[in-house]
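>
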Amino acid sequence: MSDITKQSLTELVENIKNKKLSSTDVTKAFIDRSEKSEKLNAYITNDFTSALDKAKKFDQKPNFDFKLPGIPMAVKDLFCTKNIKTTAGSKILNNFIPTYESTVTENIWNEGAILLGKLNCDEFAMGSSNETSFFGNVQSPIDKNLVPGGSSGGSASAVAGQLTPVTIGTDTGGSIRQPASFTGIVGLKPTYGSCSRYGIVAFASSLDQAGPMAQNVKDCALLHEVISSYDPKDSTSIDFKRNHYGKELTNNIKGKKIGIPKEYRVDGMPKEIEDLWQKGIQYIKDCGAETIDISLPNTSYALPTYYIVAPAEASSNLARYDGVKYGFRAKGENLIDMYEKTRSEGFGAEVQRRIMIGTYVLSSGYYDAYYLKAQKVRKLIKNDFDEAYKKVDAILTPSTPSSAFKIGEKTNDPVSMYLNDIFTVPVNLAGLPGISIPAGHDSKGYPLGLQIIGKAFDEQNILNIAYAMEEKINFKNKITDWWIK
Amino acid sequence: MSIDLKTIKHISKLARISVDEQRAEKLAGDLNSIFDFIEKLNELKTDNIEPLTSIAETTLKLRSDEVKSKNIREQIIKNSPQDNEDYFVVPKVIE
Numbered sequence: 001m002s003d004i005t006k007q008s009l010t011e012l013v014e015n016i017k018n019k020k021l022s023s024t025d026v027t028k029a030f031i032d033r034s035e036k037s038e039k040l041n042a043y044i045t046n047d048f049t050s051a052l053d054k055a056k057k058f059d060q061k062p063n064f065d066f067k068l069p070g071i072p073m074a075v076k077d078l079f080c081t082k083n084i085k086t087t088a089g090s091k092i093l094n095n096f097i098p099t100y101e102s103t104v105t106e107n108i109w110n111e112g113a114i115l116l117g118k119l120n121c122d123e124f125a126m127g128s129s130n131e132t133s134f135f136g137n138v139q140s141p142i143d144k145n146l147v148p149g150g151s152s153g154g155s156a157s158a159v160a161g162q163l164t165p166v167t168i169g170t171d172t173g174g175s176i177r178q179p180a181s182f183t184g185i186v187g188l189k190p191t192y193g194s195c196s197r198y199g200i201v202a203f204a205s206s207l208d209q210a211g212p213m214a215q216n217v218k219d220c221a222l223l224h225e226v227i228s229s230y231d232p233k234d235s236t237s238i239d240f241k242r243n244h245y246g247k248e249l250t251n252n253i254k255g256k257k258i259g260i261p262k263e264y265r266v267d268g269m270p271k272e273i274e275d276l277w278q279k280g281i282q283y284i285k286d287c288g289a290e291t292i293d294i295s296l297p298n299t300s301y302a303l304p305t306y307y308i309v310a311p312a313e314a315s316s317n318l319a320r321y322d323g324v325k326y327g328f329r330a331k332g333e334n335l336i337d338m339y340e341k342t343r344s345e346g347f348g349a350e351v352q353r354r355i356m357i358g359t360y361v362l363s364s365g366y367y368d369a370y371y372l373k374a375q376k377v378r379k380l381i382k383n384d385f386d387e388a389y390k391k392v393d394a395i396l397t398p399s400t401p402s403s404a405f406k407i408g409e410k411t412n413d414p415v416s417m418y419l420n421d422i423f424t425v426p427v428n429l430a431g432l433p434g435i436s437i438p439a440g441h442d443s444k445g446y447p448l449g450l451q452i453i454g455k456a457f458d459e460q461n462i463l464n465i466a467y468a469m470e471e472k473i474n475f476k477n478k479i480t481d482w483w484i485k
Numbered sequence: 001m002s003i004d005l006k007t008i009k010h011i012s013k014l015a016r017i018s019v020d021e022q023r024a025e026k027l028a029g030d031l032n033s034i035f036d037f038i039e040k041l042n043e044l045k046t047d048n049i050e051p052l053t054s055i056a057e058t059t060l061k062l063r064s065d066e067v068k069s070k071n072i073r074e075q076i077i078k079n080s081p082q083d084n085e086d087y088f089v090v091p092k093v094i095e
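Those protein sequence lines, which keep their order, are chains E and W.
Per my numbering: the first sequence = residues 1 to 485.
Per my numbering: the second sequence = residues 1 to 95.
(1) Got a sec, what are the start and stop residues for the alpha helix (DSSP H) Leu362(E) sits in?
(2) Quick one: what does DSSP say Leu163(E) is sitting in, helix, strand or coil?
(3) Take His10(W) and list the residues in its own chain whose beta-carbon comes closer than 7 Å to its own, dropping the five residues that flank it on each side.
(4) List the residues of chain E that Glu50(W) touches, going by C-beta distances under 7 Å, in chain order.
(5) Just checking: is the beta-carbon of Met1(E) within a distance shorter than 8 Å of some beta-carbon in chain W?
(6) What distance in whole Å lies between the Cβ atoms of Ser181(E) and Gly150(E), which are believed to be in contact at a cut-off of 8 Å?
(7) Compare the C-beta of Gln460(E) with all C-beta atoms of chain W and state if any pair is closer than 8 Å.
(8) Going by beta carbon distance, what residues of the same chain come within less than 6 Å of Lys382(E), once the five residues before and after it are set aside?
(9) Identify each residue in the segment 27-48 of chain W for which the Cβ-Cβ distance to at least one residue of chain E is less than 7 Å, and report them in chain order.
(10) Between the C-alpha atoms of Phe328(E) and Glu35(E), what's the straight-line distance to the nearest angstrom?
(11) On a CA-only basis, which of Lys76(E), Ile395(E), Gly449(E) and Pro141(E) is nearest Pro261(E)? Give me that one, please.
(12) Exposed or buried, Pro304(E), counting other C-beta atoms within 10 Å across all chains shown (16 or more means buried)?
(13) On the DSSP bridge assignment, give the partners of His10(W) in chain order.
(14) Would you check if the segment 401-418 of chain E and the segment 131-150 of chain E touch, i.e. whether three or more CB-CB distances between them fall below 8 Å?
(15) Between the C-alpha atoms of Glu274(E) and Pro447(E), what's the straight-line distance to the nearest angstrom?
(16) Nearest to Gly169(E) by alpha carbon, out of Val217(E), Pro98(E), Ala125(E) and Glu272(E)?
(17) How many Å lie between Phe30(E) and Lys485(E) at the Cα?
(18) Let me know if Glu131(E) comes out buried or exposed under the rule of 16 or more other beta-carbons within 10 Å of its beta-carbon.
(19) What does the alpha-carbon distance come out to for the pair Gly211(E) and Trp277(E)?
(20) Using the rule of at least 16 other Cβ atoms within 10 Å of the residue's Cβ for burial, across every protein chain shown, is Val104(E) buried or exposed?
(21) From the DSSP output, read off the bridge partner residues of Phe88(W).
(22) Figure out for me which residue from Asn71(W), Ser69(W), Asn42(W) and Thr7(W) has the closest Cα to the Cα of Asn32(W).
(23) Since Thr291(E) is in the alpha helix (DSSP H), which residue starts that stretch and which ends it?
(24) In the DSSP assignment, what are the bridge partners of Asp413(E)?
(25) Anything in chain E within Cβ reach of Ala15(W), meaning under 7 Å, just list it in chain order.
(26) State the start and end residues of the unbroken alpha helix (DSSP H) segment that holds Pro304(E).
(27) Looking at Gly89(E): is its Cβ nearer than 8 Å to the Cβ of Cys121(E)?
(28) Please list the terminal residues of the continuous beta strand (DSSP E) segment that includes Tyr43(E).
(29) Could you check what DSSP says for Ile16(E) in three-state terms: helix, strand or coil?
(30) On a CA-only basis, which of Asn71(W), Asn48(W), Asp83(W) and Lys68(W) is nearest Val377(E)? Give me that one, please.
(31) Establish whether the CB of Arg343(E) and some CB of chain W are separated by less than 8 Å.
(32) CA-CA distance, Ser258(E) and Lys61(W)?
(33) List, in order along the chain, the chain W residues whose C-beta lies closer than 8 Å to that of Asn130(E)?
(34) Am I right that Leu249(E) and Lys279(E) are in contact with their C-beta atoms under 8 Å? What's the rounded C-beta distance?
(35) Could you tell me the alpha carbon to alpha carbon distance between Pro141(E) and Ala312(E), rounded to whole angstroms?
(36) Is any beta-carbon of chain W found at less than 8 Å from that of Gly127(E)?
Okay, structure coming up:
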């Protein structure tokens, strides 16, 4: 079968269970394609040899009760993988080999999946274009001049380019949904507390969530079912009754009320995005659901709030990189000099910028003016959603204010880079689930995404809405394999 | 407001990141444009708003205080840039 890598996760699972394909066939196919795809720079570390061994072992003694039987999968290099280098896209972790496994990846291997390798990302997940990685930028399978988005850019590129059937990313301000939107795939940022943060390299602990990225909604639901679990090792993990998201997926969304927030119609938004949104509204109606105009009045304050809260938390979290316990160490004349040189040489420019912002807003005399103020505004943003959800079951918005931009286009202007996350950041601040689905192309042929935001713990509902809309949209990703020829 | 080079030096000391003159100037420019953008929050009156302290709004679970991982010294030391098998080694602190 030459088209193995074109198959969805659901098809691959089916074919392995029916013995039409072996795990070795599937693993080989994705390794072959990954090897031909070096130009994309999607991988930081590959584990192909050991993946093939594991696939052969699976085939000798297959267990078809698993949800991911013998399925090969590459994951973002922010998840600690036991005995496999985990870098977070940073020089400072370039030699770090974890002695433990993140809960989310452990859940995946426990269901029979096989690690292919570790995918490139922005350094410490700080970026919207995958250009801040120490291991070089990732190219988009859509067009060689485009960024894949970020920070889960390697993950997005690998799924859209069919280097892995599905993957997991992390999302602190849009890092799953924005790259999913830029590359024409589906990405879910779950409710805060749904997926364990244990073993994920920390960026901003009150915002970080792991989530699935896939070619379609059904695959996304299936993978979410595997990764979402209560975990005592993460003190913010929440013990709630989780659905069988894949099994319970339905396209019947008749009678659902979907909110359309007027504040997401931002200045300077291209007409193509507005048109896409209107099309989305029509699809919702075609599915038998109802749309209602709503207001989220504090939306425009979300990004400034985020750029206080996230760097503040990052500056504390990244204090651990001191050249003593693990990671890169620079030579210094004394202990302090060693710390300062290690961090100066080990962190890239964007990470240093954010540590500096965070340190400043938490420093003596500025805490009230910035951090406390931001936490108050964050409350207002959350209240906006609480108020809206008295009237609606979910909210529909564009995923991003534009299609993918060109490599290098925004690297010299941090604020214009940050503005890319304007529609995704409020969801993280309020701890809600959000999913981006591909919904069309702009005039240049680049993918555009729509975002469905849900109530806390209501992943099943937004997955259902996404599933119903996906059927109406009938999106076809334009992948030319430009990097293989 | 404006972040000057003196402030950059101060923050870089707090953050334990050494910054040379050239980078300090670049950082000052970047931080000023970011803080101009952040200042938008001052439009909002928040005197009577309770700050958000936890997004999950659940009380933290308690657990019994038991040692779960024992004898993992080797694992802890494994990734250190410099050690003597029992301890992390750092540049001399006490003369």
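Idealized CB from N, CA, C, for every residue including glycine.
Here the structure is a predicted model, which means the values were calculated and not measured.
The short version:
(1) Counting along the chain, the unbroken alpha helix (DSSP H) around Leu362(E) starts and ends at Ala349 to Leu362.
(2) Judged by DSSP in its simplified three-state form, Leu163(E) adopts coil rather than helix or strand.
(3) Cβ neighbours of His10(W) beyond the five flanking positions: none.
(4) For the C-beta of Glu50(W), the chain E residues within less than 7 Å are, from N- to C-terminus, Lys379.
(5) Legend: pLDDT at Met1(E) = 49, less than 50; position of this residue unreliable, no value from coordinates given.
(6) No, Gly150(E) and Ser181(E) are not in contact; Cβ-Cβ is about 12 Å, not under 8 Å.
(7) Taking 8 Å as the CB threshold, Gln460(E) stays off the interface with chain W.
(8) Hits under 6 Å: Ala430.
(9) Answer set for the segment 27-48 of chain W: Leu27, Asp30, Leu31, Ser33, Ile34, Phe37, Ile38, Lys40, Leu41, Leu44 and Thr46.
(10) Phe328(E) and Glu35(E) have their C-alpha atoms roughly 29 Å apart.
(11) Per the C-alpha coordinates, the member of Lys76(E), Ile395(E), Gly449(E) and Pro141(E) positioned closest to Pro261(E) is Ile395(E).
(12) By the neighbour-count criterion, in which 16 or more other beta carbons inside 10 Å mark a residue as buried, Pro304(E) falls on the buried side.
(13) In the DSSP output, where bridge partners are listed per residue, His10(W) has none listed.
(14) Touching, yes.
(15) A direct Cα-Cα distance of roughly 14 Å separates Glu274(E) from Pro447(E).
(16) Ranking Val217(E), Pro98(E), Ala125(E) and Glu272(E) by Cα distance to Gly169(E) puts Ala125(E) first.
(17) Near 17 Å, if we compare the C-alpha coordinates of Lys485(E) and Phe30(E).
(18) Glu131(E) comes out buried.
(19) Each residue's Cα considered, the two are about 24 Å apart.
(20) With a 10 Å radius around the Cβ and a threshold of 16 neighbouring Cβ atoms, Val104(E) comes out buried.
(21) Looking at the DSSP assignment, Phe88(W) forms a beta bridge with Asp83(W).
(22) When each option's Cα is compared against that of Asn32(W), the closest is Thr7(W).
(23) Not the alpha helix (DSSP H): Thr291(E) falls in the beta strand (DSSP E), residues Glu290 to Ile294.
(24) Note: Asp413(E) is not bridge-paired with any residue in the DSSP secondary-structure output.
(25) Chain order gives the chain E residues near Ala15(W) as Ser315, Ile355, Met356 and Thr359, where near means a beta carbon separation below 7 Å.
(26) Ala302 to Asn317 is the span of the alpha helix (DSSP H), which, as asked, contains Pro304(E).
(27) The Cβ-Cβ distance between Gly89(E) and Cys121(E) falls below 8 Å.
(28) Where Tyr43(E) is concerned, the enclosing beta strand (DSSP E) stretches over Tyr43 to Asn46.
(29) Helix, per DSSP.
(30) Considering only Asn71(W), Asn48(W), Asp83(W) and Lys68(W), the residue with the shortest C-alpha distance to Val377(E) is Asn48(W).
(31) Using beta-carbon distances, Arg343(E) counts as an interface residue toward chain W, with a partner under 8 Å.
(32) A quick correction: the sequence has Ile, not Ser, at residue 258(E). Spanning the two alpha carbons is a distance of roughly 34 Å.
(33) Within 8 Å of the CB of Asn130(E), no CB atom of chain W is found; the nearest one sits about 20 Å away.
(34) Rounded, the Cβ-Cβ distance is 23 Å, inconsistent with contact.
(35) Approximately 34 Å, taken between the alpha carbons.
(36) False, the Cβ-Cβ gap to chain W never drops below 8 Å.
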